[in-house]
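Participant: Handing you a structure now.
2 protein chains.
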Amino acid sequence: MHKPSLIAAGVLLSANAWAAAPANEPIQPIQPAKIENPAKVELGKQLFFDPRLSKSGSISCNSCHNLSMGGSDNLPTSIGHNWQKGPINSPTVLNAGYNVKQFWDGRAADLKAQAGGPIANPVEMASSHQLAVDVLSSIPQYRESFKQIYKTDQITIDAVTDAIAEFEKTLVTPNSRFDRWLQGDEQALTQTEQAGYQLFKSAGCVACHNGPAVGGGMFMKMGLVQPYQTSNPAKGVAGVTGKDSDLNVFKVPTLRNVELTYPYFHDGAYWKLEEAVDVMARVQLGRQLQEQEIGQIAAFLRTLTGEQPSFKLPTLPPSSAQTAKPQPFN
Amino acid sequence: MHKPSLIAAGVLLSANAWAAAPANEPIQPIQPAKIENPAKVELGKQLFFDPRLSKSGSISCNSCHNLSMGGSDNLPTSIGHNWQKGPINSPTVLNAGYNVKQFWDGRAADLKAQAGGPIANPVEMASSHQLAVDVLSSIPQYRESFKQIYKTDQITIDAVTDAIAEFEKTLVTPNSRFDRWLQGDEQALTQTEQAGYQLFKSAGCVACHNGPAVGGGMFMKMGLVQPYQTSNPAKGVAGVTGKDSDLNVFKVPTLRNVELTYPYFHDGAYWKLEEAVDVMARVQLGRQLQEQEIGQIAAFLRTLTGEQPSFKLPTLPPSSAQTAKPQPFN
Ligand code: HEC
Ligand code: HEC
Ligand code: HEC
Ligand code: HEC
Ligand SMILES: [Ca+2]
Ligand SMILES: [Ca+2]
Ligand SMILES: [Ca+2]
Ligand SMILES: [Mg+2]
Numbered sequence: 000m001h002k003p004s005l006i007a008a009g010v011l012l013s014a015n016a017w018a019a020a021p022a023n024e025p026i027q028p029i030q031p032a033k034i035e036n037p038a039k040v041e042l043g044k045q046l047f048f049d050p051r052l053s054k055s056g057s058i059s060c061n062s063c064h065n066l067s068m069g070g071s072d073n074l075p076t077s078i079g080h081n082w083q084k085g086p087i088n089s090p091t092v093l094n095a096g097y098n099v100k101q102f103w104d105g106r107a108a109d110l111k112a113q114a115g116g117p118i119a120n121p122v123e124m125a126s127s128h129q130l131a132v133d134v135l136s137s138i139p140q141y142r143e144s145f146k147q148i149y150k151t152d153q154i155t156i157d158a159v160t161d162a163i164a165e166f167e168k169t170l171v172t173p174n175s176r177f178d179r180w181l182q183g184d185e186q187a188l189t190q191t192e193q194a195g196y197q198l199f200k201s202a203g204c205v206a207c208h209n210g211p212a213v214g215g216g217m218f219m220k221m222g223l224v225q226p227y228q229t230s231n232p233a234k235g236v237a238g239v240t241g242k243d244s245d246l247n248v249f250k251v252p253t254l255r256n257v258e259l260t261y262p263y264f265h266d267g268a269y270w271k272l273e274e275a276v277d278v279m280a281r282v283q284l285g286r287q288l289q290e291q292e293i294g295q296i297a298a299f300l301r302t303l304t305g306e307q308p309s310f311k312l313p314t315l316p317p318s319s320a321q322t323a324k325p326q327p328f329n
Numbered sequence: 000m001h002k003p004s005l006i007a008a009g010v011l012l013s014a015n016a017w018a019a020a021p022a023n024e025p026i027q028p029i030q031p032a033k034i035e036n037p038a039k040v041e042l043g044k045q046l047f048f049d050p051r052l053s054k055s056g057s058i059s060c061n062s063c064h065n066l067s068m069g070g071s072d073n074l075p076t077s078i079g080h081n082w083q084k085g086p087i088n089s090p091t092v093l094n095a096g097y098n099v100k101q102f103w104d105g106r107a108a109d110l111k112a113q114a115g116g117p118i119a120n121p122v123e124m125a126s127s128h129q130l131a132v133d134v135l136s137s138i139p140q141y142r143e144s145f146k147q148i149y150k151t152d153q154i155t156i157d158a159v160t161d162a163i164a165e166f167e168k169t170l171v172t173p174n175s176r177f178d179r180w181l182q183g184d185e186q187a188l189t190q191t192e193q194a195g196y197q198l199f200k201s202a203g204c205v206a207c208h209n210g211p212a213v214g215g216g217m218f219m220k221m222g223l224v225q226p227y228q229t230s231n232p233a234k235g236v237a238g239v240t241g242k243d244s245d246l247n248v249f250k251v252p253t254l255r256n257v258e259l260t261y262p263y264f265h266d267g268a269y270w271k272l273e274e275a276v277d278v279m280a281r282v283q284l285g286r287q288l289q290e291q292e293i294g295q296i297a298a299f300l301r302t303l304t305g306e307q308p309s310f311k312l313p314t315l316p317p318s319s320a321q322t323a324k325p326q327p328f329n
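Written as structure tokens, this is what we have:
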């Protein structure tokens, strides 16, 4: 019995030579979501799609983090309540659970802490926590869902953001071509894409963009070697800490699905992935890449597009006679 | 062999006594969608959800006809490009294929003729047919889909609106409790709801709200017996024909899913279904209903909520370097 099983193990190891590789690679595969509380995820999904969390009744999380479009809005800066122009580019919510902190400047510790922000932000959804909770409490089916999940008759903003965060944690994008390659499928990447990955490592990109999300793990100065020119006034982490040394320090964004999250950088100034790669090499590494190298890295980056969220469009429960009316025009 | 089968037929007939009834009823069940060309429906679905059909890159058909919320936006009048206030209430797209014509004033002959309107309407999506076609043509996956379905390399607005219309035709809501009752399930409606339906017929509502969609089949004056007070300047069909006799003549809206399509009437002035019923009885029939009667009719109307659209959130193909950039702020 021993011999055959040892042989079988040997065969497995050699067939899956690459399967062992992730341990040695700076990037690891995205894991599929483990859904522990499906009812909570479903409630969070409804809330994510519900424009009644906004003052106007028309803006939902999905307006700026469109799950049909890679989890962002593909605008330089977002459109908020009353068509206000947002201050900064909307990051994708896909794989955001991997972020060490939330927001470009890390001012929210986690997804739950983050979710309260936009609801009450006057240039985003322009509601208030009280109003949002009142609206949800006026809707019988929401009252029932919250009661079932949180065992209380009282809907709280804490429960609202908890449910949204639980849904967001499911927004992972496994099985990209790159992950299949990491897991041993050598055919999953072309030679060009593999060359791009080697360059991504050897050039030093991987120093900042690493881990399963290929980013999201640290904060770094934008313009480390050469200043980054932008008209966007965002100060980065310095806006939170007040420290000069934190000026222009932003969260290193995930490069998962980066093919879908144009335009790039916190100011949304670059639409082409090749341009973003070129800028990065210059301002973060002081290096002028050749056109062919840029093409290879961009080709590699496009292999990071994983399986997009796949679920049924949620049906939202209707308002009741008690529901506060939306206020789109005042 | 004959006897048993005759008996079986007899049993079937008596068990389904109500199944024969629809022939005698002014309202018929909604039929489930027959999808003949799934690829076309899928393309139409993508287009329906694609905000790149708008100048700002942020407004899709689904913004104003939210399929999570009964196919409308639950606002008195919609929010269009640059937060412009729309002139009239957004009707549901659910079961719109049953409408004799499209729009409140019937100015579009069918769904296909309608779909070109909002794309180029400056207070809605504010794009143009040329720009929308150019944007789609710049997206490789769209080019491929159109080529597969329409056998041409040239995307046209005709094909765009054809695909959207084909998708919209699938937006039917069968199997409401009322339809189950029509089809023989006597338990599907309570006594109150059945009384409401009898009243809906005997009071005369059914003269205008009939057919499978419980409306959508004709145009009638709003304020037939008593003038309807509104500050909304819409002239109805008179705006199209210029005829005085068409003043305040609007399409009789479907009452399918009317529980979800608040606020009511072309001006979106009434939020409560009971109020809308009361107004209708007074201005269309010159009749003051008792509170109990209003409750019964409203209870019946709530049984018209059918199965809501059930499909996976579409994933949209990414833009390319050639795609015209959205213009949200100019
Ligand atoms: C009007 C546009 C808009 C709306 C609505 C909106 N967001 Fe955001 N979101 C943004 C922008 C812009 C940022 C970046 C802000 C910053 O970093 O200062 C952001 C950041 C985030 C982040 C952090 C991602 C990261 O990588 O740091 C998450 C998570 C998120 N939003 C989730 C949500 C949720 C949940 C909702 C609804 C409750 C929501 N957003 C509503 C525009 C929006
Ligand atoms: C020293 C840290 C660091 C290094 C090295 C680095 N990056 Fe970045 N990268 C960042 C930070 C920080 C941002 C966000 C900057 C901003 O938006 O202002 C970023 C943003 C990006 C973006 C835009 C992502 C988006 O969604 O907006 C791309 C693409 C990118 N990097 C690729 C690369 C490539 C390719 C390399 C190597 C050639 C590289 N980066 C090297 C820190 C780094
Ligand atoms: C900014 C809001 C808005 C957008 C965007 C919008 N619509 Fe509409 N839609 C309306 C309004 C308001 C009406 C009623 C206009 C009228 O009757 O004069 C309407 C009417 C309709 C109707 C007629 C329904 C009936 O019962 O007569 C259909 C069908 C429709 N829209 C489909 C679409 C499609 C398809 C798109 C995208 C290509 C779209 N709409 C985009 C607001 C919008
Ligand atoms: C003579 C024709 C006619 C009769 C009779 C009639 N309706 Fe209507 N109904 C209409 C028209 C036309 C509208 C749209 C008016 C508008 O929006 O300005 C409408 C609108 C409605 C609406 C609002 C639907 C929506 O989505 O906005 C409801 C509810 C309604 N009717 C119920 C009833 C009931 C209940 C009765 C009987 C008590 C009734 N109607 C009798 C023609 C009629
Ligand atoms: Ca972006
Ligand atoms: Ca309607
Ligand atoms: Ca309405
Ligand atoms: Mg929207």
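Protein sequences, first through last, are from chains A and B.
Under numbering that gives the first Met the number 0, the first residue of the first sequence carries the number 0, and numbering increases by one thereafter.
Under numbering that gives the first Met the number 0, the first residue of the second sequence carries the number 0, and numbering increases by one thereafter.
Even for Gly, the Cβ is constructed at its ideal location relative to N, Cα and C.
Compile a chain-ordered list of the residues in the stretch 307-321 of chain B whose CB is closer than 9 Å to at least one CB of chain A.
Facilitator: Of all residues in the stretch 307-321 of chain B, Q307, P308, S309, F310, K311, L312, P313, T314, L315, P317, S318, A320 have a Cβ within less than 9 Å of some Cβ in chain A.
Participant: Could I get the ranges of all uninterrupted alpha helix (DSSP H) runs contained in the stretch 128-157 of chain A, with 4 residues as the minimum, in chain order?
Facilitator: Qualifying alpha helix (DSSP H) stretches, in chain order: 128-136, 139-149.
Participant: Just to make sure I have the definition right: I need the residues of chain A whose C-beta is within less than 8 Å of the C-beta of L330/B. Which are they?
Facilitator: As displayed, chain B neither begins before 0 nor continues past 329, which places residue 330/B out of reach and without an answer.
Participant: What would DSSP say about M219/A, mapped onto helix, strand or coil?
Facilitator: Numbered from 1 along the first sequence, position 220 holds the residue referred to as residue 219/A. Correct three-state label for M219/A: strand.
Participant: Does the stretch 276-292 of chain B come within contact of the stretch 238-245 of chain B, defined as at least 3 CB pairs closer than 8 Å?
Facilitator: With the cut-off at 8 Å, the stretch 276-292 of chain B and the stretch 238-245 of chain B do not touch.
Participant: Taking only beta-carbon positions, decide if I296/B is within less than 9 Å of chain A.
Facilitator: As a working note, residue 296/B is residue 297 in the second sequence. For I296/B, the answer is no, since every Cβ of chain A falls outside 9 Å of its Cβ.
Participant: Buried or exposed: where does P75/B fall if 16 or more other Cβ atoms within 10 Å of its Cβ makes it buried?
Facilitator: Taking the second sequence and counting its residues from 1, one reaches residue 75/B at position 76. By the neighbour-count rule (16 or more Cβ atoms within 10 Å), P75/B is buried.
Participant: Counting Cβ pairs, one atom from each stretch, are 3 or more of them under 8 Å apart for the stretch 243-263 of chain B and the stretch 88-105 of chain B?
Facilitator: Touching, per the Cβ criterion.
Participant: What are the partner residues of S309/B, as DSSP defines its beta bridges?
Facilitator: The residue you call residue 309/B lines up with position 310 of the second sequence. According to DSSP, S309/B bridges with nothing at all.
Participant: Going straight from the alpha carbon of I26/A to that of F299/A, what length do you get?
Facilitator: In the first sequence, the residue the question calls residue 26/A occupies position 27. In the first sequence, the residue the question calls residue 299/A occupies position 300. Taking the straight line from one Cα to the other gives about 13 Å.
Participant: For a contact meaning CB atoms closer than 7 Å, what does K324/A contact in chain B?
Facilitator: Against the first sequence, residue 324/A aligns to sequence position 325. Here the neighbours are W270.
Participant: Less than 8 Å separating the Cβ of G267/A from some heavy atom of ligand 5?
Facilitator: Within the first sequence, residue 267/A is the residue found at index 268, counting from 1. At least one heavy atom of ligand 5 is nearer than 8 Å to the Cβ of G267/A, so yes.
Participant: Look at the Cβ atom of D104/A, then the Cβ atom of A233/A, and state whether they are nearer than 9 Å.
Facilitator: If you number the first sequence from 1, residue 104/A lands on position 105. If you number the first sequence from 1, residue 233/A lands on position 234. Yes. Within cutoff.
Participant: In whole angstroms, what separates the C-alpha of F249/B from that of S77/B?
Facilitator: For this step, residue 249/B is matched to residue 250 along the second sequence. For this step, residue 77/B is matched to residue 78 along the second sequence. For F249/B and S77/B, the distance between alpha carbons rounds to 18 Å.
Participant: I want to see whether chain B comes within less than 9 Å of N120/A, judged by CB atoms only; does it?
Facilitator: If you number the first sequence from 1, residue 120/A lands on position 121. Taking Cβ atoms only, chain B never reaches closer than 9 Å to N120/A, which makes this a no.
Participant: Name all residues in chain order for which at least one heavy atom of ligand 7 lies closer than 5 Å to the residue's CB.
Facilitator: Going along the chain, the residues that qualify are N88/B, T260/B.
Participant: So, Q283/B versus C207/B, is the Cβ gap smaller than 9 Å?
Facilitator: The residue labelled residue 283/B in the question sits at position 284 within the second sequence. The residue labelled residue 207/B in the question sits at position 208 within the second sequence. Cβ atoms of Q283/B and C207/B: closer than 9 Å.
Participant: At a cut-off of 8 Å, is W103/B close to ligand 4 when judged by its beta-carbon and the heavy atoms of the ligand?
Facilitator: To locate residue 103/B, count along the second sequence from 1; it is residue 104. Checking every heavy atom of ligand 4 against the Cβ of W103/B, one is found closer than 8 Å.
Participant: Hey, out of V40/B, E123/B, K54/B, whose CA is closest to G79/B's CA?
Facilitator: As a first step, residue 79/B must be located in the second sequence, where it is residue number 80. Out of V40/B, E123/B, K54/B, E123/B has the C-alpha closest to the C-alpha of G79/B.
Participant: Buried or exposed, going by whether 16 or more other CB atoms sit within 10 Å of the CB of S309/A?
Facilitator: To locate residue 309/A, count along the first sequence from 1; it is residue 310. Result: exposed.
Participant: Return no unless some Cβ of chain A is closer than 9 Å to the Cβ of S136/B.
Facilitator: Within the second sequence, the letter at position 137 stands for residue 136/B. For S136/B, the answer is no, since every Cβ of chain A falls outside 9 Å of its Cβ.
Participant: Would you check if the distance between the CB atom of S136/B and the CB atom of E41/B is smaller than 9 Å?
Facilitator: As a first step, residue 136/B is located in the second sequence; it is residue number 137 there, counting from the start. As a first step, residue 41/B is located in the second sequence; it is residue number 42 there, counting from the start. No, these two residues do not count as a Cβ contact at 9 Å.
Participant: Do the stretch 105-114 of chain A and the stretch 178-187 of chain A make contact, defined as three or more Cβ pairs closer than 8 Å?
Facilitator: Too few Cβ pairs lie closer than 8 Å, so no.
Participant: Apart from the five residues on each side of it in sequence, which residues of its chain come closer than 8 Å, Cβ to Cβ, to S57/A?
Facilitator: The residue you call residue 57/A lines up with position 58 of the first sequence. Correct list, in chain order: P50, P325, P327.
Participant: Look at the alpha carbon of V171/B and the alpha carbon of H64/B, and state the distance between them as a whole number of angstroms.
Facilitator: Counted from its first residue, the second sequence places residue 171/B at position 172. Counted from its first residue, the second sequence places residue 64/B at position 65. Looking at the two C-alpha atoms, the distance is approximately 14 Å.
Participant: If we cut at 9 Å on Cβ distances, does K234/B have a partner in chain A?
Facilitator: As a position in the second sequence, residue 234/B is number 235, starting the count at 1. Not closer than 9 Å to any Cβ of chain A, the Cβ of K234/B fails to qualify, so no.
Participant: Out of curiosity, what's the CA-to-CA distance linking N61/A and K44/B?
Facilitator: Residue numbering aside, residue 61/A sits at position 62 when the first sequence is read from its first letter. Residue numbering aside, residue 44/B sits at position 45 when the second sequence is read from its first letter. Distance between the alpha carbons of N61/A and K44/B: 17 Å.
Participant: Taking Cβ to Cβ, would you say T302/A is nearer than 9 Å to R176/A?
Facilitator: By 1-based counting over the first sequence, the position of residue 302/A is 303. By 1-based counting over the first sequence, the position of residue 176/A is 177. Yes, these two residues count as a Cβ contact at 9 Å.
Participant: On a CA-only basis, which of I118/A, P117/A, Q190/A, L130/A is nearest T322/A? Give me that one, please.
Facilitator: Counted from its first residue, the first sequence places residue 322/A at position 323. Taking only the C-alpha atoms, the option nearest T322/A is L130/A.
Participant: In the DSSP output, which residue or residues are listed as bridge partners for Y263/B?
Facilitator: Locating residue 263/B in the second sequence gives position 264, where the first residue counts as 1. Beta-bridge pairing links Y263/B to Y269/B.
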